[in-house]
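Worksheet for the structure shown next.
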């Protein structure tokens, strides 16, 4: 995209919209706070790259003390391996010949690579792909209440761990769960019971990985966990504020948008549609908060338009051509829509960073 | 993205998922049907590129008889100008120095370029950017009931048309509306009244452009319109079927996805999340239809996972590693998430096409 990316020092008002912008100060504070929390509780911290998808921000996280990265897909991990990262956990069942072949190639060049599995089918595929000369570390994914992937019981976790441990080309790395929907107690109970059962069988369980930004600052309530993974904490978003996991002062991402139409007294239209904000509602009834215009509601999106209902707006709304700032419902999905994202300090551009893992769904 | 794109002849079962795939036969039929309809009613047809975002498909549309393309943003139009398209209507208020400068550069190299405006501010910006040596054609956007952008009355349309006609560097090109939410009669009434008022003032109104795939085959009910614009018709989607605008036989796009987990008897997980399907519900309560598995519901998405509720599934669901096909709620937003998209005939890959205008939000 031959887009006129702004030079450092450019005021944000001159950045062509729509564009997500990241506040350097808040970003640095979010990274430091999470790491300090994990350090103080003796937890290793493994940031999930899904929120920023950028080598540049991942480097900041590693420099702050994170032990490695969490990716979701093989192509995501490839993007970060290309950028030199050497400790990557892929929290996904990798299946099918294309992806297994690429995972094998990745394992040959990443110092510490691990994946998860929650089924015999996944373990069989891994076991027949890898070789004893370069074994792959596999953790068992456990469902501790989120009802997404994961084995359902500690007994099932142990059965799968035994299968992994018995495969010559695989190493059983531990257990992994995401997120703590049922509360920290439920995660702790699942982990502790699994560890006891494994111990009874003489199987070591070196890594117990918990995850989720909503659970980040409650990670100490899961004493069995050795590491925690989190992504959204790095930017935060409207859904994190609503849930009480951060305040509006911790929001590092805003989306700049221009008023392109004021067709009626009670309506404005912005140039950010679902191709900029996405349709993620996350339980809200509107598509983000417009900063400084309390009561103005983003009631509908088409691909390139956001329609704003001004009926409840408590101040005169911005005029055509003026730029407004939006707090997105969900940051991670916004990042995925842009090739590059603009960073700033106090409203002046500091850098423009490539979204290295944009569009990596494989 | 260093992704192993499949070679022609590859069976779809071997394509790494998630991946949207386009049925060549249905694509060609959709293009031919729309063009034949417009031809038979004496309407010019101007496809909106938002749905495919591809020069390759746009070429098929032009070869079938379309007069030119409809884009929404300057960078979208640039992508199609780069590919050699020479008649482009940008149905958007272009504002701000960056975009105006690029629009001017685009006008210097595209034979027939036009934009729309719905405010004096937009017209002022255009008038002060362009020169008499290379004037820009501007249509007035009219709100005929959709409550997005557009002037609210024929009188307001005429006032803005007069302003455009009076600017030495601009040419008044006509009027444009999207979509016909209030029905064809409302569009016709607005257009006819505006034309009469313009005629009374001696202002020619050469183009009257109506739009929307839902209104495509009702375009003959707006006799005043000279051209119709539509995007979604080229692939169609679940929302078009529900509204009765097409049948399931007209659905050219499916998304291939792999079952990655069967954690519980009533639950499966696919490898297509909101990064593949998007969160667009368009009034549905779930995120697409899984072909051949009636009653299996895509009840929730995270970025890389689709959680399927199998409680109502009427047949045994696919096992881990098997590929299923999904009809998306909304095609256009899916296209925007992929760098390239796979085409097939009878289940065998025919070509892989670049999504030339992916991510062009400016």
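Protein chains in written order, with my numbering: chain A, 1 to 362; chain B, 1001 to 1362. Ideal placement from N, C-alpha and C gives every residue a C-beta, glycine not left out.
Does residue i pass the burial test, meaning 16 or more other C-beta atoms within 10 Å, or should it be called exposed?
| i | result |
| --- | --- |
| residue 1025(B) | exposed |
| residue 147(A) | buried |
| residue 155(A) | exposed |
| residue 1316(B) | exposed |
| residue 1348(B) | exposed |
| residue 1077(B) | buried |
| residue 74(A) | buried |
| residue 229(A) | buried |
| residue 199(A) | exposed |
| residue 1039(B) | exposed |
| residue 82(A) | exposed |
| residue 1166(B) | exposed |
| residue 1265(B) | exposed |
| residue 1248(B) | exposed |
| residue 370(A) | Limits of chain A in this structure are 1 at one end and 362 at the other, which puts residue 370(A) out of reach. |
| residue 254(A) | buried |
| residue 1319(B) | exposed |
| residue 134(A) | exposed |
| residue 1014(B) | exposed |
| residue 108(A) | exposed |
| residue 8(A) | exposed |
| residue 1285(B) | exposed |
| residue 1061(B) | buried |
Counting only the same chain and skipping the five closest in sequence on each side, list residues whose C-beta sits under 6 Å from that of residue i.
| i | result |
| --- | --- |
| residue 1132(B) | 1168, 1169 |
| residue 1181(B) | 1145, 1146 |
| residue 290(A) | 296, 324, 326 |
| residue 334(A) | 20, 328 |
| residue 59(A) | none |
| residue 1278(B) | 1333 |
Measuring alpha carbon to alpha carbon, tell me which residue in the options is nearest residue i.
| i | options | result |
| --- | --- | --- |
| residue 1054(B) | 1235(B), 1067(B), 1043(B) | 1235(B) |
| residue 116(A) | 91(A), 125(A), 97(A), 104(A) | 91(A) |
| residue 1097(B) | 1070(B), 1127(B), 1081(B) | 1127(B) |
| residue 23(A) | 141(A), 66(A), 125(A), 325(A) | 325(A) |
| residue 1207(B) | 1044(B), 1217(B), 1029(B) | 1044(B) |
| residue 1293(B) | 1284(B), 1308(B), 1280(B) | 1308(B) |
| residue 231(A) | 37(A), 71(A), 15(A), 184(A) | 71(A) |
| residue 367(A) | 176(A), 275(A), 110(A) | Residue 367(A) falls outside the range modelled here, since chain A spans only 1 to 362, and no answer is possible. |
| residue 262(A) | 1189(B), 1192(B), 1143(B) | 1143(B) |
Tell me which residues share the same chain as residue i and place their Cβ nearer than 7 Å to its Cβ, disregarding the 5 neighbours each side in the sequence.
| i | result |
| --- | --- |
| residue 346(A) | none |
| residue 1273(B) | 1301, 1302, 1303, 1304, 1305, 1306 |
| residue 1340(B) | 1005, 1352, 1353, 1354, 1355 |
| residue 179(A) | 146, 211, 212, 214, 215 |
So which residues of chain B does residue i contact, with C-beta pairs closer than 8 Å?
| i | result |
| --- | --- |
| residue 279(A) | 1278, 1279, 1280, 1281, 1333 |
| residue 72(A) | 1303, 1304 |
| residue 307(A) | 1147, 1148 |
| residue 152(A) | 1263, 1264 |
Along chain A, which residues have their Cβ under 8 Å away from the Cβ of residue i?
| i | result |
| --- | --- |
| residue 1130(B) | Those do not exist, as residue 1130(B) stays about 17 Å from chain A at its closest Cβ, beyond 8 Å. |
| residue 1320(B) | 93, 95, 119, 121, 122 |
| residue 1336(B) | 275, 303, 337 |
Which same chain residues end up closer than 8 Å to residue i when comparing Cβ atoms and leaving out the 5 residues on each side of it in sequence?
| i | result |
| --- | --- |
| residue 243(A) | 214 |
| residue 312(A) | 295, 296, 297 |
| residue 201(A) | 158, 162 |
| residue 120(A) | 160, 163 |
| residue 112(A) | 68, 86, 87, 88, 137 |
| residue 203(A) | 158, 161, 162, 165, 172 |
Starting from the beta carbon of residue i, find every residue of chain B whose beta carbon is closer than 9 Å, and list them in chain order.
| i | result |
| --- | --- |
| residue 267(A) | 1147, 1148 |
Determine the chain B residues that contact residue i at a beta-carbon separation under 7 Å, and present them in chain order.
| i | result |
| --- | --- |
| residue 16(A) | 1096, 1098, 1099, 1362 |
| residue 339(A) | 1359 |
| residue 155(A) | Within 7 Å Cβ-Cβ: nothing; residue 155(A) doesn't reach chain B, min ~14 Å. |
| residue 311(A) | By Cβ distance, chain B contributes nothing, its closest Cβ being about 13 Å from residue 311(A), past 7 Å. |
| residue 254(A) | Correct list: empty, because the minimum Cβ distance to chain B is about 16 Å. |
So with CB distances below 7 Å, who are the chain A contacts of residue i?
| i | result |
| --- | --- |
| residue 1143(B) | 263 |
| residue 1003(B) | 75, 362 |
| residue 1050(B) | 303 |
| residue 1297(B) | Under the 7 Å cutoff, chain A gives no residues; its nearest Cβ is about 14 Å from residue 1297(B). |
| residue 1007(B) | In chain order: nothing, as chain A lies at least about 13 Å away. |
Is residue i near the ligand ATP - that is, is its Cβ less than 6 Å away from at least one heavy atom of it?
| i | result |
| --- | --- |
| residue 1217(B) | Ligands in the displayed structure: none, and consequently the ligand ATP is not present. |
Counting only Cβ pairs nearer than 9 Å, list the residues of chain A close to residue i.
| i | result |
| --- | --- |
| residue 1260(B) | 92, 93, 94, 95, 118, 119, 122, 149 |
- Task: Ignoring anything shorter than 3 residues or poking outside the region 1095 to 1178 of chain B, list the beta strand (DSSP E) runs there in chain order.
- Result: 1112 to 1117, 1136 to 1142, 1170 to 1177
- Start-end ranges of the beta strand (DSSP E) lying completely within the region 1215 to 1267 of chain B, minimum 3 residues: The region 1215 to 1267 of chain B contains, as complete beta strand (DSSP E) runs of 3+ residues, the segments 1227 to 1230, 1253 to 1264 (chain order).
- Message: Extract the residue ranges of the alpha helix (DSSP H) inside the region 1302 to 1349 of chain B, only unbroken runs of 4 or more that lie entirely within it.
- Response: 1331 to 1335
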